[in-house]
Amino acid sequence: MTTLDHPTSTRPIPNPEKSLITKLHMGTGMVVGAIFAFGTYFWLRSGQDMTVAHNVNKVLLISMFMWSLGFLIGIGAFIGPFRWLIGKDLTAEEQLYLAGDGQGVSRYFRYCTDHKVVGIQYLVGVMAMLGVGGTLAMMIRTNLISPGSKFVTPVIYNSLVGLHGITMIVAMIVVATGPFGNFILPIMIGARDMAFPRLNALSWWVLFTAIPVLCSAWFLGGIPTGWTAYAPLSVQAGPGMNAFVATIIIFAVSTAVAGANITATVVTMRAKGMKWNRVPIFVIGATISVALAIPAFPTFMVSMIMTALDRTANTTYFDAQFGGSGWLYAHLFWIMGHPEVYVILLPGVAALMEIVPVFVRKPLFSYNAAIMGFAGIAGLSVLVWAHHMYMSGWLPMLNGPFMITTEMISIPTGLIFLVILGTLWRGKPWMKLPMLGVYAFLWNMLIGGVTGVYLSDVPADNYLHGSMYVTAHFHYTLMGAALTGALAGLAYWFPKMTGRMLHERAGYISFWFVQIGFQVLFLGMFIAGAEGQPRRVADFSAMYKYSNMISTMGAYTIGIGMIVMLWAVIHSWRKGAIAPINPWGAKTLEWTVPFPVPLENFDELPVITSDPYGYGRSK
Amino acid sequence: MSADTQFHIHHDAPEVVGRRERLGVRLLIVADGAFVFGMIFSYFYLRNLNANGGWLPKGAHYLSAGTGWLVVAPLIIAALSHRMAEKNRDNFNVLSVVTLVSLLAGTYYQWHQLANMPFIVHDTGIFEGSYASMWLLIAGANMFHFLLGSFIALGLVVRARRVQIDPILQTWRLRTAGSWFTWIAISGIACALTTTFVR
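Protein chains in written order, with the working numbering: chain A, 145 to 763; chain L, 6 to 204.
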């Protein structure tokens with residue numbers, strides 16, 4: 145069916161008889177999860193007055209968590225820890241079975257510990273999430289095609305905005321570190337696997353359990369708060385808000401586990417001779433990104449647990465009448481929320497930095513400056529959160545310091561620009577599909593970055609805050625830069641992940657549709673925002689009708705481009721040209737292993753004797 | 006936690022796997038530390054803001070400082086007994102049981118506190134201000150630490166009885182568990198200090 149049908153080994157399939165792990169898969173997980181969820185739901189609701197909002201919230205939230213727990217039990221996620229507890233560790237044969245050795249496509253539906261399988265699971269999952277989020281975006285833009293269009297009701301519009309936002313944020317956080325951080329990164333550093341293979345599988349399947357929870361919001365009245373879920377609005381919102389809260393808590397667990405795993409892998413499992421100044425730049429960017437996520441997301445989790453308790457247990461964290469504060473929520477949210485922007489951005493940018501030297505056949509310009517850029521962005525990103533709160537009235541005397549720290553981020557971002565431009569300088573680029581993403585990034589990030597400076601400026605933000613200008617700005621950074629980087633990464637690493645070349649012509653068509661549509665959509669949105677159109681509002685004044693119509697046309701153009709890309713991926717995966725081991729002539733380690741990549745990646749672990757960007761140097 | 010089976014597959018030496026696992030646990034401790042930081046930040050924030058005098062409304066009261074320290078005591082005992090067990094392998098069985106029993110006792114006491122907390126205003130069902138709300142969150146975090154600590158301690162007791170704690174090869178495994186026990190004691194102390202002195 146696909147190239148993934150190939151077994152990864154010619155060894156006999158491990159068959160640890162009588163072991164429970166051979167009987168568990170995604171199907172058993174869903175059955176056990178459903179039993180846990182519905183069992184809990186009907187059991188709890190029987191003793192509750194379900195006309196009281198707190199009781200409804202309590203029953204729903206607990207049922208959602210029980211779904212997640214039940215699924216993980218049903219798929220076998222806890223067999224390892226349980227066996228450790230009773231002193232009977234998994235045998236080597238069971239470990240091999242868990243690694244999916246020789247199991248073909250079925251391993252993608254099991255609790256498989258092979259990092260390549262987890263990478264593909266993330267890739268498919270991310271594409272599905274981007275598809276859902278993108279469809280929601282099309283619906284939002286359709287409603288905004290003209291004043292008073294009434295494509296959806298204002299209540300549904302609010303839900304569309306909330307669901308689009310959180311779906312895309314979750315998808316974008318894992319869009320590069322999920323597929324490439326799991327599949328490619330361990331091979332890039334010359335490791336046989338991730339540091340903690342079972343935790344690796346856990347991070348994916350925990351995230352997977354969050355997807356149905358988030359989808360359930362549709363049937364529970366939606367998420368009317370936008371993705372920021374500001375309190376006390378989120379505390380007062382209907383039952384759909386429980387899905388948001390549960391999703392974030394589950395996702396934060398997945399992120400912490402994945403972050404610890406990737407960081408430990410890179411720190412402790414690099415090949416012999418791979419000193420820190422020989423580590424591929426994608427590995428550096430992805431590691432800084434996930435390391436930044438480790439402390440960032442738990443604070444978001446605190447805010448969500450507080451929201452859950454306010455909604456279910458009558459606590460008063462965010463209720464000013466009883467000593468709470470909405471500002472507290474904003475702090476906890478943005479202490480995570482701004483670093484999260486860079487958690488999204490850095491891996492995509494790092495993927496592009498990996499691509500440029502390969503296609504220009506020049507060493508990466510100033511590798512150290514690139515690392516300083518990444519480190520500077522990560523360091524400053526934790527000191528800027530309150531620029532999201534200039535207009536909230538919280539401690540105006542601190543607006544100035546936060547404005548300065550925010551504007552300082554331009555410096556390390558500029559370094560990253562210089563590294564890419566310096567690598568391109570006087571080069572003769574090999575204009576293949578991945579390379580187009582580099583130029584798109586430079587353009588989009590320039591606009592996203594410059595418009596961000598205005599928003600970091602207190603007087604300008606006074607006018608622009610809460611307008612479509614903000615929406616356009618962060619789409620230029622997150623979609624225009626980070627997603628563009630991730631798509632370029634997909635085009636670049638597709639041959640290694642699937643064994644086939646991505647359909648080049650379809651890729652070009654998709655690229656131009658997406659990039660032209662993107663400029664039309666968001667430049668139109670900048671105009672509407674600068675003229676004062678508020679964001680997250682279902683209808684608008686007739687004075688904005690042209691800019692909105694133009695934006696919606698741009699959105700449809702993006703939609704066409706993304707459908708073409710989806711076709712290209714599916715078609716290429718099934719019937720694409722067979723890829724050679726190293727189609728781009730790159731020097732990093734992932735291009736030295738064959739497809740299918742062997743279970744332990746390397747027969748003999750490599751020894752590194754030079755940096756990975758030695759293009760054009762005499763031997 | 007079962008890295009010796011990975012050892013068979015990946016051919017890595019136990020001390021290499023140990024270094025890796027310790028780093029992994031410490032990174033997870035960083036994540037948990039950020040969570041604890043978020044709680045303590047919130048405690049300070051709401052205390053200092055005291056919106057509408059709602060931190061501790063009229064008629065409400067603080068829990069005695071001793072209550073918080075009674076919860077922390079088993080965490081400290083568990084961390085110390087585990088450290089002693091690491092260094093005194095002859096008495097490992099006894100000391101690992103001490104670790105487990107102290108954590109189970111702490112779990113029970115924390116559950117008892119949560120089940121009998123004197124905060125809810127019964128006619129409205131609303132918590133008595135933000136101090137009471139913060140106390141609930143901190144107690145819940147302690148409960149999570151107790152449960153996870155008890156799980157690890159139980160595993161060590163069982164494995165010790167099955168003579169699976171090899172004194173030479175698996176020092177790293179005990180050190181990894183010790184990192185967690187030490188962290189939850191530090192976290193408990195930080196929370197108790199906060200609730201004792203910030204009133």
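No residue lacks a Cβ here, since even glycine has one placed at the ideal position from N, Cα and C.
Within chain A, Ala457, Asn458, Thr459, Thr460 and Phe466 have C-beta atoms less than 8 Å from the C-beta of Phe132 (chain L), given in sequence order.
In the displayed model, Arg422 (chain A) falls within a helix according to three-state DSSP. Taking 7 Å as the threshold, the shortest C-beta distance from Phe151 (chain L) to chain A does not fall below it.
Pairing Met338 (chain A) with His259 (chain A), the inter-Cα distance amounts to about 6 Å. Pro678 (chain A) is bridged by DSSP to A:Ser611.
Ile300 (chain A) is bridged by DSSP to nothing; it lacks a bridge partner.
Sequence-distant partners of Met312 (chain A) (beyond 5 residues in either direction) whose C-beta falls short of 6 Å from its own C-beta, in its chain, are Gly277. Interface with chain L (7 Å Cβ-Cβ cutoff): Pro383 (chain A) is excluded.
Trp60 (chain L) reaches chain A at Gly467, counting residues in chain order whose Cβ is nearer than 7 Å. When DSSP states are grouped into helix, strand and coil, Val203 (chain L) belongs to the coil group. Within the segment 508–537 of chain A, contact with chain L at the beta-carbon level (separation under 8 Å) is assigned to no residue. For Met148 (chain L), same chain residues with a beta-carbon under 6 Å away, outside a window of 5 residues either side, are Gln115 in chain order. Distance from the CA of Ala530 (chain A) to the CA of Met547 (chain A), rounded to the nearest whole angstrom, comes to 9 Å.
Within the segment 647–728 of chain A, complete alpha helix (DSSP H) segments of at least 4 residues are found at 648–674 and 689–719, given in chain order.
Ile707 (chain A) and Leu274 (chain A) have their C-alpha atoms some 11 Å from each other. For the segment 185–198 of chain A, no residue has a beta-carbon sitting nearer than 7 Å to a beta-carbon of chain L. Within the same chain, Met338, Ala339, Phe340, Leu343, Asn344 and Ser347 come within 7 Å of Asn405 (chain A) by CB-CB distance, once the 5 residues on both sides are set aside. Residue state for Val162 (chain L) is assigned as helix, using DSSP reduced to three classes. Inter-segment contact for the segment 235–247 of chain A and the segment 293–300 of chain A is absent: fewer than three beta-carbon pairs are separated by less than 8 Å. Secondary structure at Lys260 (chain A): helix, using DSSP grouped into helix, strand and coil. Residues of the segment 396–416 of chain A that bring their beta carbon within less than 8 Å of a beta carbon in chain L comprise Ala400, Val401, Gly403, Ala404, Asn405, Thr407, Ala408, Val411, Thr412 and Met413, in sequence order.
Interface with chain A (7 Å Cβ-Cβ cutoff): Val162 (chain L) is excluded. For Ile488 (chain A), the enclosing alpha helix (DSSP H) begins and ends at Gly470 to Val504. Take the alpha-carbon of Leu105 (chain L) and the one of Ala146 (chain L): they are about 19 Å apart. As computed with DSSP, Val751 (chain A) is found in a beta bridge with A:Lys416. Taking C-beta separations shorter than 6 Å and ignoring five residues to either side along the sequence, the partners of Gly520 (chain A) in its chain run Pro556, following chain order.
When the alpha-carbon of Ala84 (chain L) is set against those of L:Phe186, L:Gly64 and L:Arg204, the nearest one is in L:Phe186. Around the beta carbon of Met194 (chain A), fewer than 16 other beta carbons lie within 10 angstroms, which makes this residue exposed. Between the segment 310–328 of chain A and the segment 261–271 of chain A, the count of Cβ pairs shorter than 8 Å is three or higher; the stretches touch.
Rounded to whole angstroms, the gap between the alpha carbons of Tyr185 (chain A) and Gly220 (chain A) is 23 Å. Taking CB atoms only, Tyr67 (chain L) has no neighbour in chain A less than 7 Å away. No residue range can be given for Thr166 (chain A), since it is assigned to no alpha helix (DSSP H) and is classified by DSSP as neither H nor E. Shown here for Val423 (chain A): not one same chain residue has a beta carbon closer than 6 Å to its own, the five before and five after excluded.
Taking the Cα positions, Met139 (chain L) is about 37 Å away from Gly23 (chain L). Taking 8 Å as the upper bound on Cβ-Cβ separation, chain A lies near residues Asp37, Gly38, Ala39, Phe40, Phe42, Gly43, Met44, Phe46, Ser47, Tyr50, Leu51, Leu54 and Asn55 of the segment 37–55 of chain L. Separation of Ile515 (chain A) and Leu562 (chain A) (C-alpha to C-alpha, rounded to the nearest whole angstrom) is 12 Å.
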